[in-house]
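Counting from 28, one number per residue, gives the positions in the sequence shown under the working numbering. Even glycine gets a Cβ: it sits at the ideal position worked out from N, Cα and C. Quick notes on the structure that follows.
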Amino acid sequence: MAVITRLSSYFVRTLREDPADAELPSHKWLVRAGYIRRVAPGIYSWLPLGLRVLQKVEQIVREEMDAIGGQEVRFPGLLPREPYEATHRWTEYGPNLFRLHDRKGSDYLLGPTHEEMFTLLVKDLYSSYKDLPLFLYQIQIKYRDEARPRAGLLRGREFVMKDSYSFDVDDAGLVESYNRHREAYVRIFDRLGLEYVIVQAMSGAMGGSASEEFLAVCDNGEDTFVRSPGGYAANVEAVRITPPADQDASDAGPARAIDTPGTPTIADLVAVVNQKLPRADRAWAAADTLKNVVFKLVSPDGRTETLVIGLPGDREVDAKRLEAAVSPAEAVPFADDDFLANPALVKGYIGPVSLASGAVEQVLGEQGTAKVRYLLDPRVVPGSRWVTGANVVDTHQVDVVAGRDFTADGVIDVAEIRQGDPAPDGSGPLSLARGIEMGHIFQLGRKYADALGLKVLDANGKLVTVTMGSYGVGVSRAVAAVAEATCDDKGLAWPRALAPFDVQVVATGKDEAVLAAAEQLASELDAAGVAVLLDDRKASPGVKFADAEVLGMPTVVIVGRGLADGVIEVRDRTSGERTELGFEGAAAKLVALLTAG
Ligand code: ATP
Ligand code: MG
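In structure tokens form, the structure reads like this:
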């Protein structure tokens with residue numbers, strides 16, 4: 028007979044106190060239920076219960092990857108510098124990369140993702156188009172020194188990812204490989220039981236073109252996504268707005284300065300303009316002003332540049348959209364001492380005319396001076412008129428016309444996206460919601476194959492560069508995301524597909540017969556292939572019931588007082604529903620119940 032897992036000797040302790048750093052319910056319960064333990068910020072150990080859930084997620088991912096012809100391999104986490112140097116990611120990854128040296132002084136890194144290594148592996152062994160397409164994957168530990176590790180497993184500095192890579196000889200092949208992966212991802216996230224959306228995404232540090240993310244819909248998620256009535260869906264970082272049509276400014280008077288004492292903010296400015304220059308048709312609004320926000324762009328190699336972004340005064344620059352747009356550089360808002368060092372930029376009164384004319388220069392310390400880079404929100408179309416800064420304290424300008432009075436160095440679409448904004452597909456207003464990024468699929472193209480020289484002979488005997496896709500699933504993140512979606516105020520509540528055990532059998536009372544009956548039921552269930560956890564501890568029924576709710580097995584069977592009348596109780600952890608069952612033949616009835624559910 029198989030050995031039943033008994034709670035009396037299982038390596039688990041439920042905790043009464045919330046961990047001090049837990050912001051999200053899933054984090055709190057995974058720790059309190061004894062699934063994971065924190066080792067350092069963003070670094071966790073898996074205890075027996077947690078490991079069983081992780082392995083179930085891994086198995087689902089593995090089965091679906093195998094089903095599309097993926098072949099599993101495993102790379103080390105500790106990797107040499109050279110391949111990452113060849114693709115510039117040794118530098119571009121910036122502070123997110125864990126870098127270290129061996130005893131001989133050679134540089135190593137802890138792999139944040141493995142495009143380079145897979146590219147080189149295929150280059151080592153393959154040389155003909157006849158061997159393609161090829162899908163390789165691994166389920167492996169990744170390291171990223173995240174700026175803000177968060178919510179336990181959700182954003183770790185060490186985490187488990189499934190990463191796969193496709194290799195094709197031409198673009199049509201890549202599209203096909205990408206679609207196969209997309210279908211596998213749909214099956215994976217369906218099986219995980221997550222409510223998710225597939226959204227257009229930015230490719231960020233990865234490079235490449237088409238990419239989509241699978242986001243679990245969750246109010247506590249870090250990502251914001253938009254949806255339109257017509258089915259457009261995108262991560263807010265990837266939204267490209269449809270600019271309004273150019274405007275006719277032939278009747279506009281010349282730009283002129285007005286005194287606007289004490290108006291460093293948009294609200295102050297609008298109030299003063301309404302007082303000094305009231306409009307006949309309507310009041311001036313924040314959207315009539317052009318505000319100019321200054322950032323210091325810091326490249327991964329440490330070089331800095333000043334960037335001014337001009338956008339309608341009723342909108343803010345969205346930090347995540349900006350981050351995605353300037354990556355791998357980092358955009359840091361100008362601080363007071365940056366303004367002090369650059370007196371040509373007059374804080375609160377910055378104007379596009381002087382910026383665009385090149386009159387404003389940034390002071391770069393030893394690097395000397397350089398023209399400030401000026402980029403405009405796409406809403407600032409040619410012919411649009413603005414109230415904006417004159418680059419002189421307490422002074423603004425009115426009737427400043429884009430294209431006539433100033434131009435910029437380019438366009439940057441990083442203003443906040445708001446609920447109700449027009450959707451880029453023209454189908455109506457956008458709605459916003461939050462999500463957790465669970466998976467990300469990219470058509471990488473030839474970036475890595477080019478950098479590392481992965482070529483094969485094509486059908487005509489010509490050497491061609493291979494085109495690649497890369498596809499990630501957050502495996503450990505999925506454990507947290509499912510916990511977050513399913514837990515309640517009493518504890519975890521796993522869906523059957525991920526639960527560490529199908530059934531928790533709880534024996535209550537001091538009666539020897541009760542424990543014997545519970546053990547018998549547990550063995551019968553086990554023999555029928557049901558994974559059982561038996562609560563055989565000498566604790567009060569109240570403690571045991573509460574722990575069963577904390578631990579979150581989908582079905583809890585209570586063998587206790589009712590046994591004298593030949594009945595046991597079955598509780599559904601998720602619905603809370605309770606039913607009585609005759610003890611005679613209970614195992615078979617439970618198996619039927621579990622397979623029906
Ligand atoms: P994020 O935007 O959340 O930082 P990313 O875009 O950097 O993620 P990818 O490089 O696309 O992530 O990695 C593939 C998958 O790995 C992600 O979709 C996510 O599910 C998971 N993942 C990424 N970073 C982490 C992390 N720090 N902790 C846990 N899972 C992560
Ligand atoms: Mg991603």
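| query | result |
| --- | --- |
| Could you say which of 295, 350, 565 lies nearest to residue 324 if we only look at CA atoms? | 350 |
| For residue 582 versus residue 600, is the C-beta distance shorter than 8 Å? | yes |
| Are the stretch 160-172 and the stretch 47-56 in contact at 8 Å, needing three or more beta carbon pairs? | no |
| Give the C-beta separation of residue 153 and residue 485 to the nearest angstrom, bearing in mind that I take them to be a contact with Cβ-Cβ under 8 Å. | Contact flag wrong, Cβ pair sits at about 13 Å. |
| Is it right to say residue 233 is buried, meaning 16 or more other beta carbons lie within 10 angstroms of its own, or is it exposed? | The pLDDT assigned to residue 233 is 47, lower than 50, so where the model puts this residue is not dependable; a value taken from the coordinates is nonetheless given after this. Residue 233 is buried by the Cβ-count criterion. |
| I want to check one thing, is the minimum distance from the CB of residue 207 to the heavy atoms of the ligand ATP below 7 Å? | no |
| Please report the residue range of the beta strand (DSSP E) in which residue 418 lies. | 412-419 |
| Should the stretch 413-428 be called in touch with the stretch 268-283, which here means at least 3 C-beta pairs below 8 Å? | yes |
| Run the CB neighbour count on residue 514, radius 10 Å, all protein chains shown included, and call it buried at 16 or more, exposed below. | buried |
| With DSSP as the reference, identify every bridge partner of residue 318, one or two as the case may be. | 338 |
| Comparing alpha-carbon positions, which option in 506, 130, 595 lies nearest residue 526? | 506 |
| According to DSSP, residue 223 sits in a beta bridge with which residue or residues? | 243 |
| What does the alpha-carbon distance come out to for the pair residue 53 and residue 586? | 29 Å |
| Let me check you understand the geometry: is the CB of residue 182 closer than 7 Å to at least one non-hydrogen atom of the ligand ATP? | yes |
| Taking the straight line between their C-alpha atoms, what separation do you get for residue 363 and residue 369? | 10 Å |
| Candidates 449, 331, 317: which alpha carbon is nearest residue 408's? | 317 |
| Contact between the stretch 457-474 and the stretch 117-128 is defined here as three or more beta-carbon pairs at a separation below 8 Å; is this criterion met? | no |
| Can you tell me which residues form a DSSP beta bridge with residue 449? | 456 |
| Check the DSSP bridge columns for residue 277 and list the partner residues they point to. | None; residue 277 has no bridge partner. |
| Tell me the DSSP secondary structure of residue 232 in three-state form. | Note that residue 232 scores 49 on pLDDT, short of 50, meaning its location in the model is unreliable; the coordinates nonetheless yield the value given after this. Reduced to three states, the DSSP call for residue 232 is helix. |
| Verify whether the separation of the beta carbon atoms of residue 71 and residue 79 is less than 8 Å. | no |
| Measure the C-alpha to C-alpha separation of residue 529 and residue 523 and round it to an integer number of angstroms. | 6 Å |
| Return the first residue and the last residue of the alpha helix (DSSP H) that residue 74 is part of. | Unbroken run through residue 74: none, as it is neither H nor E. |
| Can the beta-carbon of residue 410 be found less than 8 Å from the beta-carbon of residue 273? | yes |
| Quick test of your reading: residue 561 and residue 33, contact by CB under 8 Å. State the CB separation rounded to the nearest angstrom. | 5 Å |
| In this structure, does DSSP put residue 195 in helix, strand or coil? | strand |
| From the DSSP output, in three-state form, read off residue 115 for me. | coil |
| Compare the C-beta of residue 141 against all C-beta atoms of chain B and say whether one is closer than 8 Å. | The structure shown contains no chain B; it is built from a single protein chain. |
| Pull up the CB-CB distance for residue 60 and residue 518, whole angstroms please, since I reckon it's below 8 Å. | 6 Å |
| For residue 159 and residue 200, which I take to be in contact (beta-carbon distance under 8 Å), what is that distance rounded to the nearest angstrom? | 7 Å |
| Does DSSP put residue 573 in a helix, a strand or coil? | helix |
| For the stretch 556-571 against the stretch 531-545, do three or more pairs of beta-carbon atoms, one drawn from each stretch, fall closer than 8 Å, so that the two count as touching? | yes |
| When you measure from the CB of residue 465 to every non-hydrogen atom of the ligand ATP, does any distance come out below 7 Å? | yes |
| Leaving aside the five residues before and after residue 319 along the sequence, list all residues of the same chain whose C-beta is less than 6 Å from its C-beta, in chain order. | 335, 337, 377 |
| On the three-state DSSP scale, how would you describe residue 618? | helix |
| Give the list of continuous alpha helix (DSSP H) stretches no shorter than 4 residues that lie fully inside the stretch 536-563. | 539-554 |
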